[in-house]
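A.B. asks: Have a look at this one.
In my numbering, the protein residues as written are 70 to 399.
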């Protein structure tokens, strides 16, 4: 593909066994009023009809490019495979169970063109249930001009990290380490982007995030989360310690202003006291030392699951195999 023929936007859709919602998700991309894009689908060796659905769309629309992995490489690695495939000026992750309103791309591309210092644009997010019933509207508040303030919102406030599905400037994405291969690694990616530049916001809810029982935050038990993200790593990562150290590394790597860096480190000190992080880190260490405790603790955690967006729709599944869980993380 020549430089002249490269689309301005690359949309990367990693998927595994997504037949339930995949066709409407692809259709919502192809119906965008902004047409200068390609849709790259990475099928993580699905065993359902995902392959046939994708090939059908690819045969009908040249903007759809389909790739099938030889084996299930894990959710995080499949997301990163899509991210590295970006050829456009802008890149967007898509999920097989989410939807876009027709104006989404047009409304996100325009402000990024006007503000070259911005690294990401996202609309408000409408959270819906299995059948499209409304649950909530999500607004993160990440428009601060301060890297430390944006960083603080990402790491301190409990939210679903849906901004990582926003439209990202590809040059900024290339400066990140993409998604870390453990549960919560998408928050590290979002934190890196927050440190690199400001976020822009479209006030209308043009991104539709589907909340259902098979999404990984609900369905993957503690002791299966590592293999879900990276099938080559069977040993469970001490997730919150890895998350914390990667946040520190991101600040050291991306923040040059001394005062702003100190403010970022201050947010990292606050991290210990926010959202039960210290307790979660202790739990991670305990599970690493006593893996057999994972399942009963997972059951207790379900009973104590914090209230938040979509909490009234919490429907926890508990499969014995992470392969039965669809690819979307949050």
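Note that beta-carbon positions come from the ideal geometry of N, C-alpha and C, so glycine has one too.
Using 7 Å as the cut-off, classify the Cβ of residue 247 as near or not near the heavy atoms of the ligand NAP, replying yes or no.
C.D. replies: You won't find the ligand NAP in this model; it holds no ligand whatsoever.
A.B. asks: Look up residue 240 in the DSSP assignment and say whether it is helix, strand or coil.
C.D. replies: Looking at residue 240 - three-state DSSP - the assignment turns out to be helix.
A.B. asks: For residue 254 and residue 208, I'd like the C-alpha separation in whole angstroms.
C.D. replies: Taking the straight line from one Cα to the other gives about 21 Å.
A.B. asks: Since I believe residue 119 is in contact with residue 86 (beta carbons under 8 Å), could you give me their beta-carbon distance rounded to a whole number of angstroms?
C.D. replies: Yes, residue 86 and residue 119 are in contact; Cβ-Cβ is about 6 Å, under 8 Å.
A.B. asks: At what residues does the alpha helix (DSSP H) containing residue 316 begin and finish?
C.D. replies: Here the alpha helix (DSSP H) through residue 316 covers 308-323.
A.B. asks: Among 278, 121 and 276, whose alpha-carbon lies nearest the alpha-carbon of residue 135?
C.D. replies: For the residues 278, 121 and 276, the minimum Cα distance to residue 135 belongs to 121.
A.B. asks: Among 266, 105, 93 and 100, which has the Cα closest to the Cα of residue 158?
C.D. replies: Answer by Cα proximity: 105.
A.B. asks: In angstroms, rounded to a whole number, what distance separates the CA positions of residue 82 and residue 333?
C.D. replies: The straight-line gap from Cα to Cα measures roughly 32 Å.
A.B. asks: Roughly how many angstroms lie between the CA atoms of residue 185 and residue 357, to the nearest whole one?
C.D. replies: Distance between the alpha carbons of residue 185 and residue 357 is about 44 Å.
A.B. asks: Do you know offhand how far residue 93's Cα is from residue 172's?
C.D. replies: Approximately 16 Å, taken between the alpha carbons.
A.B. asks: When the Cα atoms are used, what is the spatial distance from residue 220 to residue 238?
C.D. replies: C-alpha separation (whole angstroms): 18 Å.
A.B. asks: Which residue from 264, 302 and 131 puts its Cα closest to that of residue 315?
C.D. replies: Among 264, 302 and 131, the Cα nearest to that of residue 315 belongs to 264.
A.B. asks: Over what stretch of residues does the alpha helix (DSSP H) that includes residue 173 continue unbroken?
C.D. replies: Note, residue 173: alpha helix (DSSP H), 173-183.
A.B. asks: Nearest to residue 198 by CA position, among 244, 107 and 280, is which residue?
C.D. replies: Ranking the options by Cα distance to residue 198, first place goes to 280.
A.B. asks: Just verifying my parser: in three-state terms, what is the DSSP assignment at residue 93?
C.D. replies: Helix, per DSSP.
A.B. asks: Report yes if the C-beta distance between residue 80 and residue 126 is below 8 Å; otherwise report no.
C.D. replies: Not closer than 8 Å, so no.
A.B. asks: Nearest-angstrom Cα distance between residue 77 and residue 351?
C.D. replies: Residue 77 and residue 351: Cα-Cα distance of roughly 45 Å.
A.B. asks: How far does the alpha helix (DSSP H) with residue 147 in it extend, from its first residue to its last?
C.D. replies: First-last of the alpha helix (DSSP H) with residue 147: 144-153.
A.B. asks: By how many angstroms is the C-alpha of residue 282 removed from the C-alpha of residue 202?
C.D. replies: Straight-line Cα distance between these residues: approximately 14 Å.
A.B. asks: Spatial neighbours of residue 266 within its chain, please: C-beta separation below 7 Å, excluding the five flanking residues on both sides.
C.D. replies: Only 186, 187, 188 and 241 meet the Cβ criterion.
A.B. asks: Which ranges does the beta strand (DSSP E) cover as unbroken runs of at least 3 residues, wholly within the region 201-236, from first to last along the chain?
C.D. replies: 203-207, all fully within the region 201-236.
A.B. asks: One question on the structure: do residue 248 and residue 258 come within less than 8 Å of each other, judged by their Cβ atoms?
C.D. replies: Cβ atoms of residue 248 and residue 258: closer than 8 Å.
A.B. asks: Under a three-way DSSP split, which group does residue 115 fall into?
C.D. replies: Residue 115: coil per DSSP, three-state reduction.
A.B. asks: Quick one: what does DSSP say residue 192 is sitting in, helix, strand or coil?
C.D. replies: Residue 192 falls in the strand class under three-state DSSP.
A.B. asks: Roughly how far, in whole angstroms, is the beta-carbon of residue 174 from the beta-carbon of residue 97, given that I think they are within contact range, below 8 Å?
C.D. replies: Not really, about 11 Å apart at Cβ, beyond 8 Å.
A.B. asks: How many whole angstroms separate the CB atoms of residue 137 and residue 112, which I take to be in contact at a CB cut-off of 8 Å?
C.D. replies: Rounded, the Cβ-Cβ distance is 4 Å, consistent with contact.
A.B. asks: Restricting to Cα atoms, I'd like to know which of 297, 215 and 252 is closest to residue 262.
C.D. replies: Nearest option by C-alpha distance: 215.
A.B. asks: Below 8 Å on the Cβ atoms is my contact criterion, and I expect residue 297 with residue 144 to pass it. Report the Cβ-Cβ distance as a whole number of Å.
C.D. replies: The Cβ separation is near 6 Å, so the contact holds.
A.B. asks: Between which two residues does the beta strand (DSSP E) harbouring residue 100 extend?
C.D. replies: Here residue 100 belongs to no beta strand (DSSP E), and DSSP marks it neither H nor E.
A.B. asks: Tell me whether the beta-carbon of residue 234 lies closer than 8 Å to the beta-carbon of residue 165.
C.D. replies: For residue 234 and residue 165, no; Cβs fall outside 8 Å.
A.B. asks: Near residue 48, what residues of its chain come up, given a Cβ to Cβ distance below 7 Å and the 5 sequence neighbours on each side ignored?
C.D. replies: In the structure as shown, the chain begins at 70 and stops at 399. Residue 48 is therefore absent and cannot be evaluated.
A.B. asks: Anyone know if the C-beta pair for residue 109 and residue 191 falls short of 8 Å?
C.D. replies: It is not a contact, given that the beta carbons lie outside the stated cut-off.
A.B. asks: Tell whether a beta-carbon distance below 8 Å holds between residue 243 and residue 319.
C.D. replies: No, the Cβ-Cβ distance between residue 243 and residue 319 is not below 8 Å.
A.B. asks: Starting from residue 187, follow its DSSP beta bridges and name the residues at the other end.
C.D. replies: According to DSSP, which records beta bridges pairwise, residue 187 is partnered with 267.
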